[in-house]
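Notes for the one structure printed next.
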Amino acid sequence: QVQLVQSGAEVKKPGASVKVSCKASGYTFTSYYLHWVRQAPGQGLEWMGIINPSGGSTIHAQKFQGRVIMTRDTSTSTVYMELSSLISEDTGVYYCARDGAEGLFQVWGEGTMVTVSS
Amino acid sequence: QAVVTQEPSLTVSPGGTVTLTCGSATGAVTSGHFPYWFQQKPGQAPRTLVYDTSKKYSWTPARFSGSLLRGKAALTLSGAQPEDEADYYCLLSYTGARRVFGGGTKLTVL
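Keeping their order, the protein sequence lines are chains E and F.
Quick note: the first sequence uses this note's numbering, first residue -9, plus one each step.
Quick note: the second sequence uses this note's numbering, first residue 27, plus one each step.
Put into structure tokens, the structure is as follows:
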């Protein structure tokens, strides 16, 4: 079945970078776009950006311009989201979500907790 | 970045009907914003309920329906069940395929 399996929890210091992975299985990796969405503790969802696994093109929310890099490795069917210059407000759960043939955000990863603390 | 507004909280009686709305600070919400609705329960990843204003996925309970209502996107729950108690988020698409979530509505079934 279609699955998105994310990497494990991370603890980082302010100013550092974090790289979260999202490994896809059960479908043709290059056929569907993938989004990154984050959620701070007790807060709402925040759309970060989208990547086309086929060509690697990306679109980011303006808030994260210059601080986020989304990449993919077609050989392992994995997408990555790297966030740099971390601050405490970046603490939260980071989700990847796959589009479908009709409709977006059809399949979600389980989330990766990122904690930024000195 | 555009601001998307939702009611912070709503309460509905079991079996009752409630409508959640989703507005855009830039003006009226239209089908061109391709409104989405998500349900999230504590400790779980979100689940997408409605896309492109009113289309449903195979897993979307029939009691949920999406529409446009007086310049906003709307999610109507008819015949609320205890298991519908959750946070609900809308998402709108803007220029350049950028998306923005609303702040979410905490729905209580009581």
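All residues carry an ideal CB built from backbone N, CA and C; glycine is no exception.
Check, Outcome
"F/Phe60, DSSP secondary structure in three states", "coil"
"Residues that F/Lys132 bridges to, as DSSP identifies them", "F/Ser35 and F/Asp113"
"Straight-line Cα distance separating E/Ser67 from F/Thr47", "37 angstroms"
"Pair within 8 angstroms by beta-carbon distance, E/Gly39 and E/Trp26", "yes"
"Chain-ordered chain E contacts of F/Leu46 [CB-CB under 8 angstroms]", "Those do not exist, as F/Leu46 stays about 14 angstroms from chain E at its closest Cβ, beyond 8 angstroms."
"Span of the beta strand (DSSP E) around E/Lys13", "Val8 to Ser15"
"Cross-chain neighbours of F/Phe90 in chain E, by beta carbon under 9 angstroms", "Within 9 angstroms Cβ-Cβ: nothing; F/Phe90 doesn't reach chain E, min ~14 angstroms."
"Straight-line gap, E/Val106 to F/Gly41 (C-alpha atoms, nearest Å)", "43 angstroms"
"Extent of the continuous beta strand (DSSP E) run through F/Val29", "Where F/Val29 is concerned, there is no enclosing beta strand (DSSP E), given that its DSSP letter is neither H nor E."
"Per-residue contacts from F/Gly122 into chain E (C-beta, under 8 angstroms)", "Ile49"
"Unbroken stretches of the beta strand (DSSP E), 3 residues or longer, contained in the segment 33 to 104 of chain E", "35 to 41, 48 to 50, 58 to 63, 68 to 73 and 82 to 88"
"Cα-Cα separation, E/Trp98 to E/Phe54", "21 angstroms"
"Of the residues E/Arg28, E/Thr20, E/Leu24 and E/Val(-8), the one placed nearest E/Leu73, counting alpha carbons only", "E/Arg28"
"Within-8 angstroms CB hit, E/Phe54 to chain F", "no"
"Where the beta strand (DSSP E) containing F/Thr47 begins and where it ends", "Thr43 to Ser50"
"Proximal residues to E/Met103 (C-beta, below 7 angstroms), its chain only, five neighbours per side dropped", "Ala(-1) and Val83"
"Contacting positions in the segment 64 to 75 of chain F - beta carbon closer than 8 angstroms to chain E", "Phe64, Gln66, Ala71, Pro72, Arg73 and Thr74"
"Strand pairing of F/Ala100, partner residues [DSSP]", "F/Thr47 and F/Ser93"
"Among E/Arg57, E/Ala91 and E/Glu92, nearest to E/Val8 - alpha-carbon criterion", "E/Arg57"
"According to DSSP, residues forming a beta bridge with F/Ser119", "F/Arg125"
"Cβ pair F/Leu95, F/His59 closer than 8 angstroms", "no"
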